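**Student:**
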Amino acid sequence: MLNLILFGPPGSGKGTQAALLVDKYGFLHISTGDLFRSEIGNQTDLGLLAQSYMAQGKLVPDTVTIDMLRKKVEANPEVTGIIFDGFPRTIQQAQALDALLAERSSEVTALLALTVDEDEIVQRILNRAKTSGRSDDADEGIIRDRIAVYENTTTPVFDYYEERGKSFRVKGMGSIDEIFARLSAIIDHIHTAAQKL
Ligand code: AMP
Numbered sequence: 003m004l005n006l007i008l009f010g011p012p013g014s015g016k017g018t019q020a021a022l023l024v025d026k027y028g029f030l031h032i033s034t035g036d037l038f039r040s041e042i043g044n045q046t047d048l049g050l051l052a053q054s055y056m057a058q059g060k061l062v063p064d065t066v067t068i069d070m071l072r073k074k075v076e077a078n079p080e081v082t083g084i085i086f087d088g089f090p091r092t093i094q095q096a097q098a099l100d101a102l103l104a105e106r107s108s109e110v111t112a113l114l115a116l117t118v119d120e121d122e123i124v125q126r127i128l129n130r131a132k133t134s135g136r137s138d139d140a141d142e143g144i145i146r147d148r149i150a151v152y153e154n155t156t157t158p159v160f161d162y163y164e165e166r167g168k169s170f171r172v173k174g175m176g177s178i179d180e181i182f183a184r185l186s187a188i189i190d191h192i193h194t195a196a197q198k199l
């Protein structure tokens, strides 16, 4: 069981790359942002709660997010691998993920962090806003707030897994294909190493 965390600031291409990785490796893709947007679309209580945070570029509270993530993982016991996209975003979420996987005699295999310059990120998100319909993509102030949340609250998750020898930086600039090739090279390496164990 391969559990990969696709990491990086908003707009770093996690969603795009996750979709390509799912095609290639057949893993389950879990994006907490997508799950929240689906709850909002269905106007559930969870969606209404999440929306109030998302609209301001703030994180949805850990307890709510962890509970939603747990349900999604538990609903898919047969998968050979999972790509976590946009989760964990706090140390508390990372600890909860470790505990959840440990219950399944599994663990985080690696965290792959896409690195992108801040100005490029803002441009990419403003561009995405033209088609995504996301209000949190359309306002430069909210985008900068989301980047600040990433830097202050989420980057410690990189360090958390780095201390465990699991974090890798991947250059997230260049074409989609180039970035995909970089990610695939690391995953193939990890895969081969895991099969030799
Ligand atoms: P994303 O689609 O990953 O850019 O997430 C969009 C928004 O959803 C974020 O700005 C947060 O408000 C919320 N969100 C997504 N994932 C999480 C998470 N793991 N923890 C807390 N909030 C999250």
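Heads up, our numbering is the position in the sequence shown plus 2, with the first residue counted as 1.
Ideal Cβ placement from N, Cα and C applies to all residues, glycine included.
Since the model is a prediction, treat every value here as computed from it, not as a measurement.
Between which two residues does the beta strand (DSSP E) containing Ala-112 stretch?
**Tutor:** Your numbering for residue 112 matches position 110 in the sequence shown. Per DSSP, Ala-112 belongs to the beta strand (DSSP E) from 112-117.
**Student:** Note down, one range per segment and in chain order, each alpha helix (DSSP H) of at least 4 residues found wholly within the stretch 39-89.
**Tutor:** 47-56, 64-76, all fully within the stretch 39-89.
**Student:** Check whether the Cβ atoms of Gly-17 and Asp-47 lie closer than 9 Å to each other.
**Tutor:** Here residue 17 refers to the residue found at position 15 when the sequence shown is read from its first residue. Here residue 47 refers to the residue found at position 45 when the sequence shown is read from its first residue. No.
**Student:** Just confirm the distance between the C-beta atoms of Leu-30 and Asn-78, as a whole number of angstroms; I'd bet it's less than 8 Å.
**Tutor:** Locating residue 30 in the sequence shown gives position 28, counting from the first residue. Locating residue 78 in the sequence shown gives position 76, counting from the first residue. With a Cβ gap of about 5 Å, Leu-30 and Asn-78 count as contacting.
**Student:** Does the beta-carbon distance from Asp-38 to Ala-52 come in below 9 Å?
**Tutor:** For the purposes of this step, residue 38 is taken as residue 36 along the sequence shown, with counting starting at 1. For the purposes of this step, residue 52 is taken as residue 50 along the sequence shown, with counting starting at 1. The identity of residue 38 in the sequence shown is Phe, whereas the question assumes Asp. In this structure, Ala-52 lies closer than 9 Å to Phe-38 by Cβ.
**Student:** Using the Cβ count rule (16 or more neighbours within 10 Å means buried), how would you classify Gly-202?
**Tutor:** Residue coverage of the chain in this structure runs from 3 to 199, which leaves residue 202 outside it and unanswerable.
**Student:** Below 8 Å, can you find three or more Cβ-Cβ pairs linking the stretch 124-136 to the stretch 70-87?
**Tutor:** Taking 8 Å as the limit for Cβ pairs, the verdict is that the stretch 70-87 does not touch the stretch 124-136.
**Student:** From Ala-104 to Ile-84, what does the alpha carbon distance come to, in whole angstroms?
**Tutor:** Working through the sequence shown from its first residue, we reach residue 104 at position 102. Working through the sequence shown from its first residue, we reach residue 84 at position 82. Straight-line Cα distance between these residues: approximately 14 Å.
**Student:** Compute the Euclidean distance between the alpha carbons of Thr-1 and Leu-6, then round it to the nearest angstrom.
**Tutor:** With the chain running from 3 to 199 in the structure shown, residue 1 is simply not present.
**Student:** What residue range does the beta strand (DSSP E) around Arg-171 cover?
**Tutor:** Locating residue 171 in the sequence shown gives position 169, where the first residue counts as 1. Arg-171 -> beta strand (DSSP E) spans 169-173.
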